[in-house]
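Asks:
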Amino acid sequence: MMEGHMLVFLLVVAVQFFTGVLANGLIVVVNAIDLIMWKRMAPLDLLLFCLATSRIILQLCILFAQLGLLCLVRHTLFADNITFVYIINELSLWIATWLGVFYCVKIATIPHPLFLWLKMRISRLVPWLIPASVLYVTVTTFIHSRETSELPKQIFISIFSKNTTQVRPMQATLLSVFVFGLTLPLLIFTVAVLLLIFSLWNHSRQMRTMVGTREPSRHALVSAMLSILSFFILYLSHDMVAVLICTQGLHLGSRTFAFCFLVIGMYPSLHSIVLILGNPKLKRNAKMFIVHCKCCHGARAWVSSRNPRLSDLPVPATHHSANKTSCSETYIMPS
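Heads up, the sequence shown is in the working numbering, so the first residue is 1 and it goes up one at a time.
1. Rounded to a whole number of angstroms, what is the C-alpha to C-alpha distance between CYS50 and THR140?
2. Between VAL137 and LEU182, is the Cβ-Cβ spacing less than 9 Å?
3. Applying the 10 Å Cβ sphere with the 16-neighbour rule, what's the burial state of ARG121?
4. Kindly list the residues whose CB is nearer than 7 Å to the CB of VAL243, restricted to its own chain and excluding five residues on each side of it in sequence; keep chain order.
5. Between CYS293, LEU229, VAL263, ASN285, which lies nearest to GLY100 when the distance is taken from Cα to Cα?
6. Would DSSP call PHE232 helix, strand or coil?
7. Once DSSP output is grouped into helix, strand and coil, what is the label at HIS271?
8. Take every Cβ of the stretch 44-60, pair it with every Cβ of the stretch 4-23, and state whether three or more of those distances are shorter than 8 Å.
9. Within 10 angstroms of the Cβ of ALA132, are there 16 or more other Cβ atoms? Answer buried if so, exposed if not.
10. Assuming the contact rule is C-beta atoms closer than 8 Å, SER54 and ILE82 should be a hit. Round their C-beta distance to whole Å, please.
11. Identify whether PRO111 lies in helix, strand or coil by the three-state DSSP scheme.
12. Would you mind sorting SER223 into buried or exposed? The rule is 16 or more other CB atoms within 10 Å of its CB.
13. Please state the DSSP three-state secondary structure of ARG121.
14. Taking DSSP as the reference, what is the three-state secondary structure of LYS39?
15. Once DSSP output is grouped into helix, strand and coil, what is the label at ASN24?
16. Less than 9 Å between the C-beta atoms of LEU275 and ILE27, yes or no?
17. In this structure, how does DSSP classify ASN31 when only helix, strand and coil are distinguished?
18. Exposed or buried, which one is VAL105 when buried takes at least 16 other CB atoms within 10 Å?
19. Roughly how many angstroms separate the alpha carbons of ILE107 and VAL8, rounded to a whole number?
20. So what's ASN279 in DSSP terms, helix, strand or just coil?
21. So is HIS238 buried or exposed if we call it buried at 16+ other beta carbons inside 10 Å?
22. Using C-beta distances below 6 Å, list every residue in its chain close to ILE273, excluding the 5 sequence neighbours before and after it, in chain order.
23. Taking the alpha carbon of VAL29 as the point to measure from, which residue in LYS119, LEU125, ASP45, LEU10 has its own alpha carbon closest?
24. Straight-line CA distance for PRO375 to VAL126?
25. Could you check what DSSP says for SER311 in three-state terms: helix, strand or coil?
26. Does the beta-carbon distance from LEU221 to MET207 come in below 9 Å?
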């Protein structure tokens, strides 16, 4: 990392991390409270809960990798636990994929028998898709455990090595294992997003031709399409940057390299904010949380103004230095 950009990089990393933890933490807490109160969780809430939980863990892993680039922590800490990081990253991508499929099936209107069959059964399939994803990711990771353990060593050698002769090109087997893990959920997610956008676009065009169509309805469709497109862009950029870094096409110290590592941490934080803004329940709870924080801050400010600190109180003038201690002791903060 270049010296002049180290502070800016660290500041952006901190903002990404705390924003993502707050957003994903809000999703986890809101859905956990509903689970405790109602003893059940809706399929969409279950997907959001699992996705937010995996993203909090993923952001901790990304934070250690980013701090390793700044030499603030040992970069081998990330490489030594790469199997766990690989599982969490793949699991997060799969849950995000099923979330996209869920939105597509519930919102889109496609007159196809298979799609109609899936629309009727997607809610019952969600509780099975999540454990199936965990089983799939775990099994494939341990089948390729040798490849996934060698993968970070070559990446970090290429990133941190001062001597370019020490850097070896990545083997095709290692790269294919990593790329396949990213490509399969990406293909499913892309198909779901394209079908959903196509359905919303047709619905929006039909509404424009109808007489007396309400303007807020068109705005809601446009807002939904923008939300889906932002989801797709963040998802795709995360996968592309991960593959670009693993192909060793970037050099440590370049601005492109720093930007790519920021993009890696941008996906789990920004998309969680998009999910909150697009979900009425989460949006309502986020507003309540913000209002509560403002009220608490205002209450603390009021208490501080009513109970000044000892150092802020005026010290009475005395003629004898021996009496200063006794006089100051009488000015105690009121209870």
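Glycine included, each C-beta is placed from N, C-alpha and C at the ideal position. The model shown is predicted, which means the values in this text are computed figures rather than measured ones.
Replies: Concretely, from the data shown:
1. Across the structure, CYS50 and THR140 are spaced so that their CA atoms are roughly 20 Å apart.
2. No, Cβ-Cβ distance for VAL137 and LEU182 is not below 9 Å.
3. So ARG121 counts as exposed.
4. Excluding positions up to five away in sequence, the list reads VAL179, LEU182.
5. Nearest of CYS293, LEU229, VAL263, ASN285 to GLY100, Cα basis: LEU229.
6. Helix.
7. HIS271 falls in the helix class under three-state DSSP.
8. With the rule of 3 Cβ pairs closer than 8 Å, the stretch 44-60 counts as touching the stretch 4-23.
9. Burial call: exposed.
10. With a contact defined as Cβ atoms closer than 8 Å, SER54 and ILE82 miss out at about 16 Å.
11. Reduced to three states, the DSSP call for PRO111 is coil.
12. Result: exposed.
13. Taken through DSSP and simplified to helix, strand or coil, ARG121 comes out as helix.
14. Annotated three-state conformation of LYS39 is coil, per DSSP.
15. Taken through DSSP and simplified to helix, strand or coil, ASN24 comes out as helix.
16. Cβ distance < 9 Å, so LEU275 and ILE27 count as in contact.
17. DSSP places ASN31 in helix when its eight states are reduced to three.
18. Flag for VAL105 reads buried.
19. Taking C-alpha positions only, ILE107 is separated from VAL8 by approximately 41 Å.
20. When secondary structure is reduced to three states using DSSP, ASN279 falls in the coil class, being assigned neither helix nor strand.
21. Classification of HIS238: buried, given that the 10 Å Cβ count is 16 or more.
22. For ILE273, where only same-chain residues beyond five positions count, the Cβ hits under 6 Å are ALA23.
23. Restricting attention to LYS119, LEU125, ASP45, LEU10, the CA atom closest to the CA of VAL29 is found in ASP45.
24. In the structure as shown, the chain starts at 1 and stops at 335, and residue 375 therefore has no counterpart that could be examined.
25. Confidence at SER311 is low in this model, with a pLDDT of 41, below 50, so its placement is unreliable and the value that follows should be read with caution. Here SER311 sits in helix by DSSP.
26. It is a contact, given that the beta carbons lie within the stated cut-off.
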